[in-house]
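K.L.:
The structure follows.
Next up, the structure:
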């Protein structure tokens, strides 16, 4: 599956503030989820560089 990431932006989740980038499918540019770039708190640091998929 070919994907690309959008621009980085800060978002607040239940685990705190994170820098993330949306992940898109190259074929139709649909948002598949997001990639965690940076976690500002120490506890959710394990999320950095991981991908979360949108579930419908």
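In the UniProt record's numbering, the protein residues as written are 1 to 56.
Heads up, the beta-carbon is just placed ideally off N, CA and C, and yes, glycines get one too.
1. For residue 45, name the three-state secondary structure that DSSP assigns.
2. For residue 19, does the three-state DSSP call read helix, strand or coil?
3. Under the DSSP definition of a beta bridge, which residues are partnered with residue 33?
4. Cβ atoms of residue 40 and residue 49: under 8 Å apart, would you say?
5. Thinking just about the alpha-carbon of each residue, which of 34, 54, 42 is nearest to the one in residue 8?
P.N.:
Let me spell this out:
1. In the structure shown, residue 45 sits in a helix (DSSP, three-state: H, G or I).
2. Here DSSP, grouped into helix, strand and coil, assigns residue 19 to strand.
3. 23, 53
4. In this structure, residue 49 sits away from residue 40, with a CB-CB distance that is not shorter than 8 Å.
5. 34
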